[in-house]
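In the numbering used here, the protein residues as written are 15 to 257.
First up is the structure itself, then whatever we jot down about it.
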Ligand code: F6R
């Protein structure tokens, strides 16, 4: 695992956007795995600036979603599909035909999870997977004690994660869905390159457990230690508890 400490979130965003741009120059139709939440926003902004300036053409990239709420209509403004359309697809000039994600509205959720896991493999696998990290060490929505071998499946959000995400629902935790479909840890580990960005002091404990703790299901992100090509980019605040 490679750990890169950057001064702030903007520098982290720029560094990762440049890695994505280099991948796209080499492989214009790369399959990019994308996360949502606040952390990746500087990455998407930096990548958008590169596309606008002509430094990279992302129009042939393919996009794969990491996780999705269960039960929110696909066109709900806070469904992750909608968020990714606003933050990634539209700014980068990528059409919905190049987008894949789990169906959070499916009646048979289990079948939808299995279908998405299979679709990722059939698409050739994810070339670069972006990850954020929860304050409890979750990646995707693999909350603590998720199996490190898990595949895409339905998970119940912890109360803490729902409280953390209430800010996207007008501060009302009752509006935050209880369930999500998330790529499993085993699924995530199949991506060719994992890039985790963590910013802010509230991520410092989770970062220390991820990088310096044992590989253990209590800190799902520690599974990155098992991956041959994992990059952890942290700002100084998030790095503050590293030895
Ligand atoms: C979201 C996701 C989550 C977030 C994590 C951190 O797609 O996979 O693991 O990355 O909850 O969220 P933020 O970045 O909002 O602190």
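Built from N, CA and C at the ideal position, the CB exists for glycine as well.
- In the structure shown, residue 162 adopts coil according to DSSP, grouped into three states.
- For residue 81, the three-state secondary structure derived from DSSP is strand.
- Exclusion of the five residues before and after residue 70 leaves 35, 38, 39 and 64 as the residues of its chain whose Cβ lies within less than 7 angstroms of its Cβ.
- Here the distance from the Cβ of residue 213 to the nearest heavy atom of ligand 1 is not below 6 angstroms.
- The Cβ-Cβ distance between residue 107 and residue 161 does not fall below 7 angstroms.
- Nearest C-alpha to residue 147 among 218, 226, 229 and 44: 218.
- Relative to ligand 1, the nearest heavy atom lies less than 6 angstroms away from the CB of residue 80.
- Nearest C-alpha to residue 169 among 191, 181 and 54: 191.
- Assigned with DSSP and collapsed to three states, residue 187 falls in helix.
- Contact fails between the stretch 145 to 159 and the stretch 118 to 129, because fewer than three Cβ pairs, one in each stretch, are under 8 angstroms apart.
- A heavy atom of ligand 1 is found nearer than 6 angstroms to the CB of residue 49.
- Spatial neighbours of residue 98 in its own chain (CB-CB distance under 8 angstroms, excluding positions within 5 residues in sequence) are listed in chain order as 48, 50, 77, 79, 113 and 115.
- Residue 82 sits buried, since 16 or more C-beta atoms from the chains shown fall within 10 Å of its C-beta.
- By the Cβ rule, the stretch 25 to 33 counts as touching the stretch 243 to 255, because three or more pairs are nearer than 8 angstroms.
- Taking a C-beta distance under 7 angstroms as the contact criterion, residue 205 and residue 102 do not qualify as a contact pair.
- Taking the C-beta atoms as reference points, residue 131 is found nearer than 7 angstroms to residue 166.
- Taking each of 176, 22 and 52 in turn and checking the Cα distance to residue 187, the smallest one comes out for 176.
- Check the Cα spacing between residue 128 and each of 158, 195 and 144: the tightest is with 195.
- In this chain, residue 147 is not harboured by any beta strand (DSSP E), its DSSP state being neither H nor E.
- In the DSSP assignment, residue 199 falls outside any beta strand (DSSP E) and lies within the alpha helix (DSSP H) extending over 199 to 202.
- Boundaries of the alpha helix (DSSP H) around residue 224: 218 to 226.
- Taken through DSSP and simplified to helix, strand or coil, residue 119 comes out as coil.
- The nearest non-hydrogen atom of ligand 1 is 6 angstroms or more from the C-beta of residue 164.
- Out of 198, 88 and 189, the CA that lies nearest to the CA of residue 134 is found in 198.
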